[in-house]
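*Asks:* Protein chains in written order, with our numbering: chain A, 363 to 474; chain B, 62 to 172. Ideal Cβ placement from N, Cα and C applies to all residues, glycine included. Everything numeric in this text was worked out from a predicted model, so none of it was measured. Pasting a structure here, questions to come.
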């Protein structure tokens, strides 16, 4: 079965600095990849998704991610973060609609 | 904008009591999921429905958890009896075009 590893449990960064949240996946077949954001005591909101096509995916709130098949990675990036980006970020992988697996999450803290 | 609805948002119950959560997916979404998210971890699938049928409940602790979606629309997840280890966020999601839309969740605290 597919699995996801988020390499950093916590990422502190100063406001307006760039950030990268790392995600690696494992699967023997083609996958769909997702990044979700979760604010305290709320559900998950989709930031972006890779289904096929261009490996560079742009999402909401200025985030983007690049699918790298050879390195089995799907890292999330933002060139300049804001205080409001402080949240938990989850990478997820699915083979089809029947089996989505989530990583353990990365806590992004943006400091003034 | 259509959203997944869940209630209650917060629930405190004593161990050995019964508790139930409700979810109303986005209209027209045939697939519905219940996840459990323990603090500090990612969501884990408990059960998946396609219309009114269970597609996957392999991770549902069936001795105490049950889920139903009788008319293929809204769904109820029940725990009886609740245990201290059941304290978690319970998330409902519905999907379309490979994308899952999540509700706000129910935060359960078992005392």
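#1: Roughly how many angstroms lie between the CA atoms of residue 117(B) and residue 376(A), to the nearest whole one?
#2: Using CA atoms only, rank isn't needed, just tell me which of 64(B), 167(B), 142(B) is closest to residue 89(B).
#3: Return the chain-ordered ranges of every beta strand (DSSP E) run that is complete within the segment 381-434 of chain A and spans a minimum of 3 residues.
#4: Report the residues of the segment 435-452 of chain A with a CB closer than 8 Å to any CB of chain B, ordered along the chain.
#5: Starting from residue 473(A) and walking both ways along the beta strand (DSSP E), at which residues does that stretch end?
#6: Residue 145(B) by DSSP, collapsed to three states: which one?
#7: Taking residue 149(B) as the reference, give the member of 92(B), 67(B), 171(B) with the closest Cα.
#8: Using the rule of at least 16 other Cβ atoms within 10 Å of the residue's Cβ for burial, across every protein chain shown, is residue 86(B) buried or exposed?
#9: Out of 374(A), 472(A), 471(A), 398(A), which one is the CA nearest neighbour of residue 315(A)?
*Replies:* Reading off the structure:
#1: Distance between the alpha carbons of residue 117(B) and residue 376(A): 43 Å.
#2: Measuring from the Cα of residue 89(B), the nearest candidate turns out to be 64(B).
#3: The qualifying runs are 381-383, 385-388, 394-400, 406-412, 418-420, 426-430.
#4: So the list reads 452, given in the order they occur along the chain.
#5: Annotation for residue 473(A): the continuous beta strand (DSSP E) segment containing it runs 468-473.
#6: Three-state DSSP puts residue 145(B) in a helix.
#7: Restricting attention to 92(B), 67(B), 171(B), the CA atom closest to the CA of residue 149(B) is found in 171(B).
#8: Taking a 10 Å sphere around the C-beta of residue 86(B), we find 16 or more other C-beta atoms and assign the residue as buried.
#9: Outside the shown range of chain A, which is 363 to 474, sits residue 315(A), and nothing can be said about it.
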